[in-house]
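A.B. asks:
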Amino acid sequence: MKNRRLVMIPGPTPVVRSIQDQMGRETVAFGDPGFVKDFKEVLADLKELWDVNGEVFVVAGSGTMAMEMALANTLKRGDNLLIVSHGYFGDRFIEIAEKKGLNVDVISSEWGKTVSVADIEKKLGEKSYQAITVTHVDTSTAAVAPVAEIGEMMKKFPETIYIVDGVAASAGEEESLGKMNIDILFTGSQKAFGVAPGLAILWANQKALDRRKSLGNIQEYFIDFEKWIPIMNDTSKYYATPAVNMIWALQESIRLIKEEGLAERYERHRKVAKAMRAALEAMGFSILADPANRAATLSCVLYPEGVEDAKFRTLLAEEGAQVAGGLGAYAGKMFRIGHMGNIDMLDLTGAITAIERTLYKMGVDVLGKGVSALTKELQ
Ligand SMILES: Cc1ncc(COP(=O)(O)O)c(C=O)c1O
814 MKNRRLVMIP GPTPVVRSIQ DQMGRETVAF GDPGFVKDFK EVLADLKELW
864 DVNGEVFVVA GSGTMAMEMA LANTLKRGDN LLIVSHGYFG DRFIEIAEKK
914 GLNVDVISSE WGKTVSVADI EKKLGEKSYQ AITVTHVDTS TAAVAPVAEI
964 GEMMKKFPET IYIVDGVAAS AGEEESLGKM NIDILFTGSQ KAFGVAPGLA
1014 ILWANQKALD RRKSLGNIQE YFIDFEKWIP IMNDTSKYYA TPAVNMIWAL
1064 QESIRLIKEE GLAERYERHR KVAKAMRAAL EAMGFSILAD PANRAATLSC
1114 VLYPEGVEDA KFRTLLAEEG AQVAGGLGAY AGKMFRIGHM GNIDMLDLTG
1164 AITAIERTLY KMGVDVLGKG VSALTKELQ
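In our numbering, the protein residues as written are 814 to 1192.
1) Pick out the complete alpha helix (DSSP H) segments inside the stretch 918–1002, 4 residues or longer, and give them in chain order.
2) Taking just the CA atoms, how far does L1140 sit from K936?
3) Considering only residues of the same chain and omitting the five flanking positions on each side of T1162, which have a CB-CB separation below 7 Å?
4) Examine ligand 1 and report whether any of its heavy atoms sits within less than 7 Å of the Cβ of A981.
5) In the DSSP assignment, what are the bridge partners of M1147?
6) Per the DSSP calculation, V1120 is bridged to which residue(s)?
7) With a threshold of 16 other CB atoms inside 10 Å of the CB of E881, please say whether the residue is buried or exposed.
8) Any idea if M814 is buried or exposed, counting beta-carbon neighbours within 10 angstroms, 16 or more meaning buried?
9) Verify the contact flag: F870, CB atom, against every heavy atom of ligand 1, threshold strictly below 7 Å.
10) Please classify Y975 as buried or exposed, where buried requires at least 16 neighbouring CB atoms within 10 angstroms.
11) Using C-beta distances below 7 Å, list every residue in its chain close to G925, excluding the 5 sequence neighbours before and after it, in chain order.
12) Any idea which residues DSSP pairs W1016 with across the strands?
13) For A1102 and chain D, any beta-carbon pair shorter than 8 Å?
14) For I1168 versus A1123, is the C-beta distance shorter than 8 Å?
15) Can you tell me where the beta strand (DSSP E) with I896 in it begins and where it stops?
16) Closer than 7 Å to a non-hydrogen atom of ligand 1 - does that hold for the CB of D1178?
17) Closest by CA to Q1019, which one among N1030, V917, I997, Q1003?
18) How should Q1003 be labelled, buried or exposed, when 16 other C-beta atoms within 10 angstroms of its C-beta is the threshold for buried?
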């Protein structure tokens, strides 16, 4: 039987029909009054929902561009940056920062765990850091960092810009720049917003905007806050062509978020994550992240003895669900499955039964066990 392929990798996530429809609309001029109004509304909603007292930037690009944008607008060559890394994506900041000529210190956890707030505070006390980066959910481990507690602690370091990578978190894990004392937060459209890849969304509080001003002229052109601020304040202005259809798609995603309610959306993600993990464990898999810090948006799932990674993922794709492989030392030892964005019961049940069928084909008979655990948890 030929199956559809459900994208259960940790982003891009499934794009629902109403969002697809916006991407398929006839493109208009970016100066079109209807589009100018839509773009303005998107920015106003993003500012309000994430409680920012500065700006939000919606720019064509991916999460990596947003990482670079965060550093480029807050740090100059020779500045001290503390990178809190819980895995592959935390480490990505190291390369970006070194290319910029920053003095980098890294404080890392074992994969699946997170660095304690006390350890971060101790490190920040050792010298003056101009900024710190924390990955909210590292997609290589599915461990979630305590960004609210870190934000509270950061009040003791008012000169340090607190940057949070929300690429695998925003719109699925609770975040608020105001409440959590975050100075910069960013994400990509393809994760918990449930839009196709193509947009970077970056919120910057006043403290971060003031830091940008204090830097004067910076080397970067396309990702300079100062170049984009006039457009974000008046969407009829031109700087670089906005991704018109993607912005409409994001508008529809925000409409869905508002319809559901942010608090309800976070609660749904927590509930779904718990149910998915119960289902996976019932089929004999185990979860990498410590029970105390498991993300709501995705899981990193260790194979039981005898289940071979490449064969499993190839068969699973044929059965109708695509998952991602493990990264770093976990390549071949685990798979990564997303459960974020606008997925529903049919998607979840479809993915779990596809895993059951795959295992069955590989000689492991757990038919019914996963879907039974999933259903019971979700009732
Ligand atoms: C936590 C995190 N940060 C950054 C990135 C990089 O984003 P992109 O692949 O959109 O450039 C990813 C990608 O998966 C991610 O998961």
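The beta carbon of each residue, even a glycine, is placed where N, CA and C say it ideally should be.
C.D. replies: The relevant details are as follows:
1) Listed in chain order, they are 930–939, 960–967, 990–993.
2) So the alpha carbons of these two residues sit roughly 27 Å apart.
3) Closer than 7 Å at Cβ, skipping near neighbours: V1184, L1187.
4) Result yes, Cβ under 7 Å from ligand 1.
5) Answer by DSSP bridge pairing, in chain order: L1115.
6) DSSP, once it has assigned bridges, lists no residue as partnering V1120.
7) Buried, because 16 or more other Cβ atoms sit within 10 Å of the Cβ of E881.
8) When all chains shown are included, M814 counts as exposed.
9) No, Cβ of F870 sits at least 7 Å from all heavy atoms of ligand 1.
10) Result: buried.
11) Here the set comprises T954, A956, L1101, A1102, D1103.
12) For W1016, which the question treats as bridged, DSSP gives the partners V869, L998.
13) Although the question refers to chain D, the structure presented lacks it and comprises just one protein chain.
14) No, they are not a contact pair.
15) I896: member of the beta strand (DSSP E) spanning 893–898, first to last residue.
16) No, since every heavy atom of ligand 1 falls outside the 7 Å radius drawn around the Cβ of D1178.
17) Of the candidates N1030, V917, I997, Q1003, the one whose C-alpha sits nearest the C-alpha of Q1019 is I997.
18) Q1003 should be labelled buried.
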